[in-house]
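> Residue numbers (the working numbering): 29 to 401.
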Amino acid sequence: MTHSATDPNSFDDFAPLTEETIMLSNSAIDWAAGVCRDISDDDEQWKTYLRAFAVAGFNQWLKEGALSLVGDYERQQPPEIGVNMQVGGQRLCILPMGSLSEDQVIVPVSAIAGDRAADLYVLIEVQEEADRVRIVAGLRRDQLLRHHQNGDLLQINTQRISVPLRLFEETPEQLLLYLSCLEPVTETLSAAAATADRDNPVALDALSAGVINTSRWFKNQLDDISSRLAWTLLPPMVPATAMRPVRDTVDNIVQELTSHNIALPPEAKGVGGSIEVGGIPCQFYAWVWPLETQEVVEWSLLLMLGPEPGATLPAGTELIIDDQSEVIARQTFTEEDVATYLFTQVAGTIEEQFSVQICLPTGEITKLPTFGF
29 MTHSATDPNS FDDFAPLTEE TIMLSNSAID WAAGVCRDIS DDDEQWKTYL RAFAVAGFNQ
89 WLKEGALSLV GDYERQQPPE IGVNMQVGGQ RLCILPMGSL SEDQVIVPVS AIAGDRAADL
149 YVLIEVQEEA DRVRIVAGLR RDQLLRHHQN GDLLQINTQR ISVPLRLFEE TPEQLLLYLS
209 CLEPVTETLS AAAATADRDN PVALDALSAG VINTSRWFKN QLDDISSRLA WTLLPPMVPA
269 TAMRPVRDTV DNIVQELTSH NIALPPEAKG VGGSIEVGGI PCQFYAWVWP LETQEVVEWS
329 LLLMLGPEPG ATLPAGTELI IDDQSEVIAR QTFTEEDVAT YLFTQVAGTI EEQFSVQICL
389 PTGEITKLPT FGF
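What follows is the structure, given as structure tokens:
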């Protein structure tokens with residue numbers, strides 16, 4: 029293990045080295061950089077690099093420990109998002125974090141349900157600029173499933189769930205004990221529970237239940253569900269001018285809206301963020317604003333769905349809105365579409381709520397939380 033002679037009370041950009049902190053070897057750093065070099069998308073390459081950095085760091089931590097534990101992982105290919113290492117008979121899902129300021133950890137559903145489920149989920153703080161990692165904490169699969177049953181988790185989509193950071197309670201020392209002494213955690217589950225989990229992975233969809241309180245957006249605040257979905261408040265959709273430079277994402281959105289002859293009123297408030305639809309990374313945006321008439325106060329909801337930059341939605345993708353009783357809006361992306369994004373808009377009284385789902389041509393459905401005003 030690496031020990032530190034640094035005064036723990038001295039000022040430093042990073043925490044002092046501890047027995048859970050590992051300085052990566054040059055060969056480990058070179059491997060992490062080289063294994064993701066051929067990934068063309070810059071954002072995906074960076075995420076893969078952090079994951080590889082964390083895997084290499086955890087493996088080095090095992091090697092430098094007093095116990096004879098060896099990590100087994102793919103050296104020729106980038107580490108997977110789900111299970112990316114084995115130690116003995118245990119499957120591990122290494123989860124890198126660049127900062128512990130976030131209170132939620134994203135875990136892929138593929139590492140929770142099915143035959144490839146992980147036995148342990150290990151949280152690694154990556155400090156790549158200092159060539160080191162810190163083993164933070166772990167979570168056993170039986171613990172995660174229990175938290176799921178208690179409703180402590182939130183499903184972002186069919187591919188990812190959000191786990192509160194506070195649930196990772198296993199210390200690095202306890203992780204070593206589990207890895208060296210225990211049988212794989214999945215084998216401790218009852219046969220009935222394990223079978224139900226494998227046969228019904230979409231039961232995690234129940235975690236997405238809830239209503240997005242869009243009225244909070246008018247106070248420049250995110251409601252709880254939007255926060256847990258990692259969405260962010262959008263600035264006013266004002267076109268770029270000679271006095272204001274292009275702001276990348278914002279101006280791309282404005283251009284898309286303009287090309288569809290959609291003009292947002294000044295009072296509109298919106299949020300946006302990344303979601304996965306059947307494993308396809310997408311961008312999702314939503315705006316709301318009040319509609320005052322002589323008879324009743326109503327509100328309008330505008331949704332916008334598109335792919336990550338440089339990609340395209342599969343032909344046949346549908347964006348559907350219903351009012352809890354029937355479908356009231358449906359837009360389909362076709363091969364003939366010149367536009368990149370799907371748009372759909374509805375309006376209703378302030379008591380009405382709208383459910384949203386995204387359907388792929390394969391039949392796979394991603395349900396979003398209900399929108400309310």
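Beta carbons are placed, not taken as given, at the ideal position from N, Cα and C, and that holds for glycine.
Predicted, not measured: the structure shown is a model, and the values here were computed from it.
Pick helix, strand or coil for Glu48, following the three-state DSSP scheme.
Counting from one through the sequence shown, the residue named residue 48 turns up at place 20. Note: Glu48 maps to coil in three-state DSSP.
> Could you work out which residue in Ser328, Ala80, Ser255 and Arg103 is closest to Cys121 when comparing CA atoms only?
On the sequence shown, residue 121 is found 93 positions in, with the first residue counted as 1. Comparing Cα positions, the closest option is Ala80.
> What did DSSP end up calling Phe371 once you bin it into helix, strand or coil?
Working through the sequence shown from its first residue, we reach residue 371 at position 343. Reduced to three states, the DSSP call for Phe371 is strand.
> Can you give, in chain order, each stretch of the beta strand (DSSP E) that sits fully within the region 324 to 398 and has at least 3 residues?
Taking only runs of at least 3 residues, the beta strand (DSSP E) segments lying wholly in the region 324 to 398 are 325 to 335, 346 to 350, 355 to 360, 370 to 377 and 382 to 387.
> Please confirm if the region 103 to 118 is in contact with the region 153 to 169, defined as three or more CB-CB distances below 8 Å between the two stretches.
In short, these stretches do not touch, since the Cβ pair count stays below three.
> Is Tyr77 helix, strand or coil by DSSP?
Mapped onto the sequence shown, residue 77 falls at position 49. Three-state result, Tyr77: helix.
> Can you name the residues that DSSP bridges to Leu181?
Position 153 of the sequence shown, counted from the start, is the residue given in the question as residue 181. Paired residues: none, contrary to the question.
> So, at 8 Å on beta carbons, what are the nonlocal neighbours of Ile57 in its own chain, with the 5 sequence-adjacent residues on each side left out?
For the purposes of this step, residue 57 is taken as the residue at position 29 of the sequence shown. Taken in chain order, the residues that qualify are Phe81, Ala84 and Asp159.
> Under a three-way DSSP split, which group does Phe401 fall into?
Numbered from its first residue, the sequence shown carries residue 401 at position 373. The answer is coil: DSSP assigns Phe401 none of H, G, I, E or B.
> Just to confirm, are Leu193 and Gly166 a CB contact at a threshold of 9 Å?
Mapped onto the sequence shown, residue 193 falls at position 165. Mapped onto the sequence shown, residue 166 falls at position 138. No.
> Suppose you measure from the CA of Val274 to the CA of Ile281; what does that come to, to the nearest Å?
The residue you call residue 274 lines up with position 246 of the sequence shown. The residue you call residue 281 lines up with position 253 of the sequence shown. Here the model assigns Val274 a pLDDT of 34, short of 50, so the residue's position is not dependable, and the following value carries that caveat. Rounded to whole angstroms, Val274 to Ile281 spans 11 Å at the Cα level.
> Using the three-state DSSP reduction, which class does Asn112 fall into: helix, strand or coil?
Walking along the sequence shown from the start, residue 112 turns up at place 84. Coil.
> Where Gln105 and Leu250 are concerned, what is the direct C-alpha to C-alpha distance, given to the nearest angstrom?
Against the sequence shown, residue 105 aligns to sequence position 77. Against the sequence shown, residue 250 aligns to sequence position 222. Cα to Cα, Gln105 sits roughly 39 Å from Leu250.
> Tell me which residue opens and which closes the beta strand (DSSP E) that Ser302 is part of.
If you number the sequence shown from 1, residue 302 lands on position 274. Run containing Ser302: Lys297 to Val305, per the beta strand (DSSP E) assignment.
> I'd like to know whether the C-beta atoms of Glu354 and Pro318 end up nearer to each other than 9 Å.
Numbered from its first residue, the sequence shown carries residue 354 at position 326. Numbered from its first residue, the sequence shown carries residue 318 at position 290. Against a cut-off of 9 Å, the Cβ pair of Pro318 and Glu354 comes out as no contact.
> Less than 9 Å between the C-beta atoms of Phe399 and Ser383, yes or no?
Position 371 of the sequence shown, counting from 1, holds the residue named residue 399. Position 355 of the sequence shown, counting from 1, holds the residue named residue 383. Yes, the pair counts as a contact, with Cβ atoms nearer than the cut-off.
> Check the C-beta distance from Arg162 over to Glu48 and give it rounded, since I have them as a contact under 8 Å.
For this step, residue 162 is matched to residue 134 along the sequence shown. For this step, residue 48 is matched to residue 20 along the sequence shown. Indeed they touch by this definition, with Cβ atoms about 6 Å apart.
> Check whether the Cβ atoms of Cys387 and Ile348 lie closer than 9 Å to each other.
In the sequence shown, residue 387 corresponds to position 359, counting from 1. In the sequence shown, residue 348 corresponds to position 320, counting from 1. Yes; because the gap between Cβ atoms is below 9 Å, this pair is in contact.
> Rounded to whole angstroms, what is the Cα-Cα separation between Ser55 and Lys75?
On the sequence shown, residue 55 is found 27 positions in, with the first residue counted as 1. On the sequence shown, residue 75 is found 47 positions in, with the first residue counted as 1. Distance between the alpha carbons of Ser55 and Lys75: 20 Å.
> Please confirm if Leu261 has its CB atom under 9 Å from at least one CB of chain D.
Note that chain D does not occur in the displayed structure, where there is just one protein chain.
> According to the Cβ coordinates, are Thr372 and Leu330 closer than 9 Å?
In the sequence shown, residue 372 corresponds to position 344, counting from 1. In the sequence shown, residue 330 corresponds to position 302, counting from 1. Going by C-beta atoms, Thr372 is nearer than 9 Å to Leu330.
> For Gln88 and Ile50, what's the separation of their Cα atoms in angstroms?
For the purposes of this step, residue 88 is taken as the residue at position 60 of the sequence shown. For the purposes of this step, residue 50 is taken as the residue at position 22 of the sequence shown. For Gln88 and Ile50, the distance between alpha carbons rounds to 7 Å.
> Classify Gly179 as buried or exposed, calling it buried when 16 or more other Cβ atoms lie within 10 Å of its own Cβ.
Taking the first residue of the sequence shown as position 1, residue 179 is located at position 151. Gly179 is exposed by the Cβ-count criterion.
> What's the call for Thr260, buried or exposed, on a 16-neighbour Cβ count within 10 Å?
Mapped onto the sequence shown, residue 260 falls at position 232. So Thr260 ends up on the exposed side.
> For Glu323, which option in Ile378, Glu304 and Gly117 has the closest C-alpha, if you only look at C-alpha atoms?
Within the sequence shown, the letter at position 295 stands for residue 323. Comparing Cα positions, the closest option is Ile378.
> Of the choices Gly117, Pro124 and Ile152, whose alpha-carbon is the least far from that of Arg144?
One-based indexing of the sequence shown puts residue 144 at position 116. The option with the nearest alpha carbon to Arg144 is Gly117.
> Return the residue from the list Tyr369, Gln381, Glu364 and Leu333 that minimises the CA-CA distance to Ile356.
Within the sequence shown, residue 356 is the residue found at index 328, counting from 1. Comparing Cα positions, the closest option is Gln381.
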